[in-house]
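Residue numbers (the working numbering), protein chains in the order written: chain A, 35 to 385; chain B, 4 to 324.
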């Protein structure tokens, strides 16, 4: 398929369709309305189904229903809406259903603002809803990567029977870049899901459920989920290392939009004689901690930057240990750092 | 001569069968069964006319009657597993009616049910069809997802009054208003049963519950919500009816309404809703027969029975009911 200039949100929608998804259940919220709007126009053209739910709570439960019936389905929302979806997400994780969620993050807490943010890192990587569970969490930093990761997310969700969260922000959603859809999947070619509720014909009834009244059973179920998360950690960690030859004066650690800004800052720093590198986690859960450790060992300073008051930095510190000083620079509330700000902060650290 | 068979160890001693028998055939035993309950036996077997009222009313499917060599059977869509409900709870009767409707329409292999949170949270164990367990109040949203994903399936939700009329009010109204092609079975017993008898949106004025120990004060809690009447006002839904199962006549009417509701879905007509007035002998603090009588004397005057909307008739006017 040829490259096309597309807005991030629309590319995310088209990527889902090209991944064989024909069902979208969602509720409007800024700054991601282009995704439901796009799906409401495109899905009927390809024999799909768009449902505007009465709330995000309801949308996430519609996904629970559709995914349980074996349907490849997804939704998108933004931070306050994702909070409302946590009920469904917890049940989906508990019942082990494959659903893809997209969070185009905006500033919080509460109603917050409508501008870009990365303040839902904890919510996405540490649980979000109630109970011991994890989402596989992917963070794109370009429109092309957003499209690629959305396509991959559906397969990962099916592979692990687990909800997958694409964590983007308003910038990724709103910017236009050339994009190419690498896969085209016909939903009819997707493998059967023998556990799904498709009507008990010639077999025992299937039940989609997250209730285990017997504590021994629930404990077993919890450890079974942990095994799955360990399996994800073994197979699915993804990251990018940028501008690291053998050694660097400073290692930036950032994901999503911030990583792009850092790439520009790295070029400016080069001119100033500072050799800076970037470690960009692509999977936020499982977090590529070992790769970060290895990379950080080659760098004098470590500098985390986020559009939050400091969330991912906790994972960075966890992996690098107490001995290692980790610098931090965050902008919040929809404010976005400039490359110049990052250069200035870097110079304070390296000089 | 008809013969009554009592599977005594399934019985929970509710005595509804003794009460409903028009000829006084059944009496309660003096001995107890394996569960520790007194159970019925045919004390006057010669009086039995084979009406099978006892079969219909038994919430635990513990009675069968043979008439002219034909023995009544447990519906195929009803699982063999014994229901966990309290003695005399109407859930068991309503489960049976839903299963009979599924059987009679021949749709067991393409039906998917959605269980709620509440006393019937384990309904997924009691129906012999594919099931989802939904979160509290969201069964209509879950049913929407299933039906939109697989329109060829017959999808129903089974919900109580706390689930449907309180926490799930938004999902209920919007699924109805979108005209989801699903069937909703709404079991209204005017109380939160499973959590211990708290006030529900359907608790009657003055009715005592554990969170309104002085009786429901309408100045603080408002009047109970009449869901059928509320949904009737929406233009989209096709079939809305309120029934009860407190005696033989109402059980037969309920059976017809539930079958109709499923049949409309089979025919592709949108959204059907059957409200079933039900008891909570434990939460109400009554014997099962007294609880059944209480439905008739206290609930029916506030929650009138009948069809409120019928796709063949449109909105049924007050005077026609």
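Even for Gly, the Cβ is constructed at its ideal location relative to N, Cα and C.
Original post:
Which of the residues in the segment 266–294 of chain A, read from start to end, lie with their CB under 7 Å from any CB of chain B?
Top reply: none
Original post:
Just checking, does the segment 219–226 of chain A make contact with the segment 147–159 of chain A on the three C-beta pairs under 8 Å criterion?
Top reply: no
Original post:
Within the 7 Å Cβ cut-off, does residue 246 of chain A reach chain B?
Top reply: no
Original post:
Just the Cα atoms here: how many angstroms apart are residue 288 of chain A and residue 338 of chain A?
Top reply: 6 Å
Original post:
Under 7 Å between C-beta atoms, does residue 197 of chain B make it to chain A?
Top reply: no
Original post:
Can you give the Cα-Cα distance for residue 35 of chain B and residue 193 of chain A, rounded to whole angstroms?
Top reply: 53 Å
Original post:
Name the chain A residues whose beta carbon is nearer than 7 Å to that of residue 138 of chain B?
Top reply: 95, 121, 125
Original post:
Hey, is the segment 159–170 of chain B in contact with the segment 112–123 of chain B, meaning 3+ C-beta pairs nearer than 8 Å?
Top reply: yes
Original post:
What does DSSP give as the partner residues of residue 41 of chain A in its beta bridges?
Top reply: A/210
Original post:
What residue range is occupied by the uninterrupted beta strand (DSSP E) comprising residue 2 of chain B?
Top reply: Missing from the structure shown is residue 2 of chain B; chain B here goes from 4 to 324 and no further.
**OP:** Determine the chain A residues that contact residue 147 of chain B at a beta-carbon separation under 9 Å, and present them in chain order.
**Re:** 59, 85, 87, 92, 95, 96, 99, 100
Original post:
With DSSP run on the structure shown, which of helix, strand or coil describes residue 86 of chain A?
Top reply: strand
**OP:** Could you tell me if residue 299 of chain A is buried or exposed, where buried requires 16 or more neighbouring beta carbons within 10 angstroms of its beta carbon?
**Re:** buried
**OP:** Can you give me the start and stop residues for the beta strand (DSSP E) that residue 57 of chain A sits inside?
**Re:** 57–60
Subject >> Integer Cβ distance of residue 30 of chain B from residue 43 of chain B, believed to fall under 8 Å >> reply: 7 Å
**OP:** Pair every Cβ in the segment 92–109 of chain B with every Cβ in the segment 133–141 of chain B, then say whether three or more of these pairs are closer than 8 Å.
**Re:** no
Original post:
Taking the alpha helix (DSSP H) that residue 67 of chain B falls in, what are its first and last residues?
Top reply: Careful: residue 67 of chain B lies outside any alpha helix (DSSP H), inside the beta strand (DSSP E) at 66–70.
**OP:** Give a yes or no on whether the minimum CB-CB distance between residue 233 of chain A and chain B is below 7 Å.
**Re:** yes
Original post:
Which residues of chain B have a Cβ atom closer than 8 Å to the Cβ of residue 107 of chain A, listed in chain order?
Top reply: 148, 152
Subject >> residue 170 of chain A vs residue 133 of chain A beta-carbon contact at 7 Å >> reply: no
**OP:** Identify the contact partners of residue 220 of chain A in chain B, using a Cβ-Cβ distance below 9 Å as the criterion.
**Re:** Result: empty, since nearest Cβ-Cβ is about 17 Å, beyond 9 Å.
Original post:
Taking DSSP as the reference, what is the three-state secondary structure of residue 165 of chain A?
Top reply: coil
Original post:
Closest Cβ-Cβ distance between residue 241 of chain A and chain B: below 7 Å?
Top reply: yes
Original post:
So is the beta-carbon of residue 64 of chain A under 6 Å away from any non-hydrogen atom of the ligand GTP?
Top reply: With respect to small molecules bound, the structure shown includes none, and the ligand GTP cannot be examined in it.
Original post:
CB residue 58 of chain B to CB residue 75 of chain B, shorter than 7 Å?
Top reply: yes
**OP:** Check the DSSP bridge columns for residue 185 of chain A and list the partner residues they point to.
**Re:** According to DSSP, residue 185 of chain A bridges with nothing at all.
Original post:
Any beta-carbon of chain A closer than 7 Å to the one on residue 115 of chain B?
Top reply: yes
Original post:
Assuming residue 284 of chain A contacts residue 334 of chain A under a Cβ cut-off of 8 Å, what Cβ separation, rounded to an integer in Å, is found between them?
Top reply: 6 Å
**OP:** Flag residue 106 of chain B as yes if its beta-carbon sits less than 7 Å from any beta-carbon of chain A, otherwise no.
**Re:** no
**OP:** Put residue 145 of chain B into one of helix, strand or coil per three-state DSSP.
**Re:** helix
**OP:** May I ask which residues mark the beginning and end of the alpha helix (DSSP H) holding residue 253 of chain B?
**Re:** 251–269
Original post:
To which residues does DSSP link residue 195 of chain B through a beta bridge?
Top reply: B/201
Subject >> Chain-ordered residues of the segment 121–134 of chain B with a beta carbon less than 9 Å from chain A >> reply: 124, 125, 127, 128, 130, 131, 132, 133, 134
**OP:** Kindly list the residues whose CB is nearer than 8 Å to the CB of residue 126 of chain A, restricted to its own chain and excluding five residues on each side of it in sequence; keep chain order.
**Re:** 94, 97, 98, 101, 133, 197
**OP:** Report buried or exposed for residue 210 of chain A, applying the criterion of at least 16 other Cβ atoms within 10 angstroms of its Cβ.
**Re:** exposed
**OP:** May I ask you to list, following chain order, the residues of the segment 174–194 of chain B that have a beta carbon less than 7 Å from some beta carbon of chain A?
**Re:** 174, 177
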